[in-house]
Amino acid sequence: MPQLHSFTFYICTYVNLNVLSYKLSSEDIQQTLINNGQQHARSMASYVTNIVNLPLGIRTACSIFSLPFKFDYLQDIGNHFPNIVFNYVTYLGIQDITPFEYEFFMRIARSFPLLKYLSIRNGESQKLDGVMTFSSDKCQLHSIIEYPHLAILDASFAHEDYVEQFLNEAKTFVPCLTEFKVYVGHIKAVTKDFTREETRRNCAKMKKITTTGGMVHWEDLCLYFPSLYK
């Protein structure tokens, strides 16, 4: 293609681990790109599970993209991703088979300054130090993480720790959060049956809540989520 002067791309593919005889890494993908003359491209590899089709088990999500990254959508990134500021991304899906700790969420906030939609898929509990940090209202070990533009949060397939991470105002500030997708048992536990003060502020502007795993009493929602019925 002699008239092609530039090629902007983002490609994400999935590889089942049972077809590989070795552990695929970002370094492997990056070296392949360099060998093919793509020095200005970057790569990521993370381990994910197929929520819809569990028999497929764990897979590797392999992503390659040109720089600067000019797309508004990025999916299935894990704990290890390049130190890049993704200025155009507003929709992000994060997934891994190892826990997401405080430092990861701080990196997400810094690397995705315009983030509006975040989907979390991780069934692993945070480590002991993370549990102390995120679950204790009186244990402020880290600075508050702010997501100034985040409007929609999908934690339907996330461990309870990550619901705590985003609803507890001592951990995270989400001033624009208006839509939340969550397992009903998790939101009831984190908010202490809709009575906890530390999670009230981040719930105040929610206009839509989608729950799985059960029902919530109408009266409880009215009192704890005043913006739902405005």
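Residue 206 in this note's numbering sits at position 213 of the sequence shown, and the numbers go up by one each step. Where is the CB? At the ideal position from N, CA and C, for every residue including glycine.
Give me, in chain order, the residues of the same chain whose beta-carbon lies closer than 8 Å to that of residue i; leave out the 5 immediate sequence neighbours on both sides.
| i | result |
| --- | --- |
| Phe218 | Cys196, Ala197, Met199 and Ile202 |
| Thr165 | Phe98, Ile137, Ile138, Glu139, Tyr140, Gln158, Phe159 and Asn195 |
Excluding the five sequence neighbours on either side, which residues of its own chain have a C-beta within less than 7 Å of the C-beta of residue i, listed in chain order?
| i | result |
| --- | --- |
| Tyr40 | Ile51, Thr53, Gly71, Asp89 and Ile90 |
| Pro168 | Pro141 |
| Ser104 | Ile77, Val78 and Phe79 |
| Gln68 | Cys5 and Gly86 |
| Ala102 | Ile138, Glu139 and Tyr140 |
Measuring CA to CA, which of the options is closest to residue i?
| i | options | result |
| --- | --- | --- |
| Tyr155 | Ile137, Val183, Glu139 and Phe2 | Val183 |
| Thr204 | Ala163, Lys181 and Tyr81 | Lys181 |
| Val209 | Arg193, Val177, Lys185 and Thr6 | Val177 |
| His135 | Ser149, His152 and Glu94 | Glu94 |
| Ile145 | Thr83, Lys63, Thr42 and His73 | Thr83 |
| Tyr110 | Asp65, Thr192 and Asp186 | Asp65 |
| Pro61 | Ala38, Asp186 and Ser(-1) | Ser(-1) |
| Lys174 | Asp147, His152, Lys120 and Ser118 | Asp147 |
Tell me the rounded alpha-carbon separation between residue i and residue j.
| i | j | result |
| --- | --- | --- |
| Cys55 | Ser112 | 18 Å |
| Gly207 | Leu108 | 29 Å |
| Glu212 | Leu221 | 12 Å |
| Tyr81 | Phe2 | 14 Å |
| Leu216 | Gly116 | 30 Å |
| Thr188 | Glu162 | 14 Å |
| Glu190 | Glu172 | 20 Å |
| His73 | Ala38 | 8 Å |
| Arg114 | Asp186 | 24 Å |
| Gln119 | Phe150 | 15 Å |
For residue i, which of helix, strand or coil comes out of DSSP?
| i | result |
| --- | --- |
| Val45 | Summary for Val45: the model assigns pLDDT 48, below 50, so the residue's position carries little reliability, and this model does not support an answer. |
| Ser104 | helix |
| Met37 | strand |
| Phe150 | strand |
| Gln158 | helix |
| Ile70 | strand |
| Gly86 | strand |
| Phe218 | coil |
| Val124 | Any reading at Val124 needs caution, since the residue's pLDDT is 45, under 50, leaving its predicted position unreliable; the model's value is listed next. Helix. |
| Thr1 | coil |
| Asp213 | helix |
Tell me, which residues are paired with residue i by DSSP?
| i | result |
| --- | --- |
| Phe166 | Glu139 |
| Ala54 | Tyr7 and Ser39 |
| Glu172 | Ile145 and Lys201 |
| Ile77 | DSSP output for Ile77 lists no bridge partner at all. |
| Asn112 | Sequence inspection shows Ser at residue 112; the Asn mentioned does not correspond to that position. Looking at the DSSP assignment, Ser112 forms a beta bridge with Gly86 and Asp147. |
| Ser59 | Ala34 |
Within a Cβ cutoff of 6 Å, which residues of the same chain sit near residue i, ignoring the five residues on either side of it in sequence?
| i | result |
| --- | --- |
| Asn9 | Arg52 |
Under the criterion of a Cβ to heavy atom distance below 6 Å, does residue i qualify as lining the ligand SAH?
| i | result |
| --- | --- |
| Thr1 | In the structure shown, the ligand SAH is absent, as is every other ligand, since no ligand is present at all. |
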